[in-house]
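Q: Handing you a structure now.
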Amino acid sequence: MLDIKFVRENVDKVKENIKKKFQDEKLPLVDEVVEIDKKIRDLKLKGDNLRQERNSKSNEIGLLMRNKKIEDANKLKEDVKKINDILIDIEKEETILQEQIKEKMIIIPQMIDESVPIGKDDSENVEIEKFGKPVVPDYEIPYHADICENLNGLDKDSAGRTSGNGFYYLIGDIARLHEAMISYARDFMIDKGFTYCIPPFMIRSDVVTGVMSFKEMENMMYKIENEDLYLIGTSEHSMIGRFKNQIIKEEDLPIAMTSYSPCFRKEVGAHGLEERGLYRVHQFEKQEMIVLCKEEDAMDWYNKMWSYTVEFFRNLDVPVRTLECCSGDLADLKVKSCDVEAWSPRQQKYFEVGSCSTLGDAQARRLSIRMKTEQGNKLVATLNNTVVASPRGLIAVIENNYQEDGSILIPKVLQPYMGGKEKIEKK
RNA sequence: GGAGAAAUACCCAAGCGGUUGAAGGGACCGGUCUUGAAAACCGGGAGGUCGGAAACGGCGCGGGGGUUCGAAUCCCUCUUUCUCCGCCA
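Given below as structure tokens:
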């Protein structure tokens, strides 16, 4: 969501930004918004003047009553009643216009960063850099679910019976490896200076609508029956929601936190669940990082944040690359975003394991997250990035450390979290 | 889950239908005194948000709604906190 003042003063820039995102159908919205905004301001001025008159007349009535001039007071009461009748209409119209403008403002995309590559859709995303050599061993790497099942580490059949498609039982050393990754990710981020946090796993609807669009909400969020509560799709939701309507002291910024949570997603309308595997599932766990900072520091943080994920995966001996989201593929709330992708030696291509975004002040405007400065309050910038989500991250580790004999070498950094174990093999 | 009480500005807190369109403290800022500080004394200010170039004005006493000429004050509702009971890792 943009600042209405910015739109008012930068109609051309806003339109150009929409074109860059190939959303030409939204172009008329800009003029409509400016027009409604003008109407609202006129109406507000009218209303304010009437309210001022009402206030002073009500005051007069008070004085007259005290002096027992009942008749004069009653006369004034009539006047104020008339003012109130006019005000009712004005207020009604204002409410309608406010809703109209909000509806439109909410779908006008955030101004993207100049550096974002222009492109229509995800096919035009741009590879930025490769880290580590993508190795293809001379033996065949089986499908990750088969590797896990062969090591007695996965039971999808039972999960199908208990919970349906999109769920899984992780068992034994595979479950432990999953947990080890999350734990290592936590400690890795703490070492980078981030504060560890376990947030609520359910949030209210007003927080949900603050952090995502309605369409996303429909397609992602599980609702608790008979309660105003939703299961979080990522801890970003509760972590950013934490600051809703808050004014942060300037000296308390930046706020850099790393949070753990299970994540629940309906995955409606996405590419569908993967029948056999663990790549796209209804439930996973994630170590996340979020940053709240001054707008001018956002780009530095953005670059730091994605590089932490790269470093994390390199420590696990997983080759990765960064892929920048082009303008057309960038979600409307985002200023700039890139995916970190891990190498799959089986598919011989990279697949998404994390996503790093800066939202500028868009989220802060929706949630009213501000910082106190000497010149008044300013919106903060919000950023988020995946450290690791598992089991998806698990797939990367398993495939890249798979041995010809069917065993998996445990990356050195994870061994302390696995009781010193160096290898997972069939018993 | 049941029963009660409460929510006022950075903090404490008065107020319970009209000179409160928020008293009084504390902290804070400015000053006097002091070599400097502390103490004391004097002075200052509603933080936020919206409209406006500004002057100024609107909103605003946990959120939302209502009654009234007029609401911090009365009514409804939601949220949160506290106390007691019940239940439970």
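Take the first sequence: its position 410, counting from 1, is numbered 435 in my numbering, and each next residue is one higher. Each residue gets a CB set at the ideal place from its N, CA and C atoms; glycine is no exception.
To the nearest angstrom, report how far apart Asn270 and Ala406 are at their CA atoms.
A: Cα to Cα, the separation comes out at about 14 angstroms.
Q: With respect to the beta strand (DSSP E) encompassing Ser380, which residues constitute its N-terminal and C-terminal limits?
A: It spans 374–383 - the beta strand (DSSP E) in which Ser380 sits, taken as one unbroken run.
Q: Starting from Cys318 and walking both ways along the beta strand (DSSP E), at which residues does that stretch end?
A: Unbroken beta strand (DSSP E) run through Cys318: 308–318.
Q: Write down the C-beta distance between Lys51 and Ile137 rounded to the nearest angstrom, noting that I regard them as a contact closer than 8 angstroms.
A: In fact, because the Cβ distance is near 14 angstroms, the residues do not count as touching under 8 angstroms.
Q: With distances taken Cα to Cα, identify the nearest neighbour of Arg301 among Leu179, Gln48, Ile113, Arg66.
A: Nearest option by C-alpha distance: Leu179.
Q: Just grab the DSSP bridge partners of Asn402 for me.
A: Lys397.
Q: What is the DSSP secondary structure of Ala367, counted as helix, strand or coil?
A: Residue state, collapsed to three classes: strand.
Q: Touching or not, the stretch 216–224 and the stretch 431–447, by the rule of three or more beta carbon pairs under 8 angstroms?
A: No, they do not touch.
Q: Classify Tyr164: buried if its beta carbon has 16 or more other beta carbons within 10 angstroms, exposed otherwise.
A: By the 10 Å Cβ count, Tyr164 comes out exposed.
Q: Would Met282 and Val232 be called neighbours here (beta carbons separated by less than 9 angstroms)?
A: No, they are not a contact pair.
Q: Could you work out which residue in Tyr375, Tyr193, Ser284 is closest to Pro416 when comparing CA atoms only?
A: Comparing Cα-Cα distances from Pro416 to each of Tyr375, Tyr193, Ser284, the minimum goes to Tyr193.
Q: What is the rounded straight-line gap between the Cα of Asn175 and the Cα of Met324?
A: Near 45 angstroms, if we compare the C-alpha coordinates of Met324 and Asn175.
Q: Taking only the alpha-carbon atoms, compute the straight-line gap between Phe213 and Lys129 and give it to the nearest angstrom.
A: Each residue's alpha carbon lies about 42 angstroms from the other.
Q: Measuring alpha carbon to alpha carbon, tell me which residue in Glu154, Ile166, Ile61, Val39 is nearest Asn426.
A: It is Ile166.
Q: What span of residues does the beta strand (DSSP E) with Ile273 cover, start to end?
A: Taken as a continuous stretch (DSSP letters only), the beta strand (DSSP E) holding Ile273 covers 272–274.
Q: Counting only runs of 3+ residues fully inside the stretch 235–274, write out the beta strand (DSSP E) ranges in chain order.
A: With a minimum length of 3 residues, the continuous beta strand (DSSP E) runs that stay inside the stretch 235–274 are 272–274.
Q: From the DSSP output, in three-state form, read off Met26 for me.
A: In this structure, Met26 counts as coil in the three-state DSSP scheme.
Q: Tell me, please, which residues DSSP counts as bridged to Lys361.
A: Per DSSP, Thr383.
Q: For Ser352 and Lys46, what's the separation of their Cα atoms in angstroms?
A: The straight-line gap from Cα to Cα measures roughly 5 angstroms.
Q: Which value, in whole angstroms, describes the spacing of the CA atoms of Glu292 and His307?
A: Near 7 angstroms, if we compare the C-alpha coordinates of His307 and Glu292.
Q: Whose CA, out of Gly72, Ala389, Leu404, lies closest to the CA of Gly235?
A: Nearest C-alpha to Gly235: Ala389.
Q: Is it the case that the Cβ atoms of Asn409 and Glu313 are separated by a distance below 9 angstroms?
A: Result yes, Cβ atoms of Asn409 and Glu313 sit closer than 9 angstroms.
Q: Between the stretch 363–370 and the stretch 240–247, can you find at least three pairs of beta-carbon atoms closer than 8 angstroms?
A: No: fewer than three Cβ pairs fall under 8 angstroms.
Q: Can you tell me the Cα-Cα spacing of Ser188 and Met246, whole angstroms?
A: Roughly 17 angstroms separates the two Cα atoms.
Q: Which whole-angstrom value describes the C-beta separation of Ser260 and Tyr285, a residue pair presumed to lie in contact below a C-beta threshold of 8 angstroms?
A: That belief holds up - the Cβ atoms of Ser260 and Tyr285 are roughly 7 angstroms apart, short of 8 angstroms.
Q: Nearest-angstrom Cα distance between Lys248 and Tyr255?
A: Roughly 4 angstroms between the two C-alpha positions.
Q: What's the call for Gln135, buried or exposed, on a 16-neighbour Cβ count within 10 Å?
A: With 16 or more Cβ atoms within 10 Å of its Cβ, Gln135 is classed as buried.
Q: What first and last residue would you give for the beta strand (DSSP E) that runs through Cys10?
A: With the chain covering only 26 through 452, there is no way to say anything about residue 10.
Q: Should Lys403 and Lys319 be called a contact, given that it needs their Cβ atoms to be closer than 9 angstroms?
A: Contact: yes.
Q: Let me confirm a value: Pro43 is counted as buried when at least 16 other C-beta atoms fall within 10 Å, else exposed. Which label applies?
A: The sequence shown places Ile at residue 43, rather than the Pro named in the question. With 16 or more Cβ atoms within 10 Å of its Cβ, Ile43 is classed as buried.
Q: With distance defined between alpha-carbon atoms, name the residue in Gln400, Ala414, Ser380, Ile449 nearest to Ile423.
A: Out of Gln400, Ala414, Ser380, Ile449, Ile449 has the C-alpha closest to the C-alpha of Ile423.
Q: Can you tell me which of the three DSSP states Asp180 falls into?
A: Reduced to three states, the DSSP call for Asp180 is strand.
Q: Going straight from the alpha carbon of Ile131 to that of Gly197, what length do you get?
A: Answer to the nearest angstrom: the Cα atoms are 47 angstroms apart.
Q: Is it right to say Leu218 is buried, meaning 16 or more other beta carbons lie within 10 angstroms of its own, or is it exposed?
A: With the sequence shown as reference, residue 218 is identified as Gly, and Leu is not the correct amino acid for it. Per the 10 Å Cβ criterion, exposed.
Q: Using the C-alpha atoms, what's the distance from Lys82 back to Asp110?
A: Cα-Cα distance, rounded: 15 angstroms.
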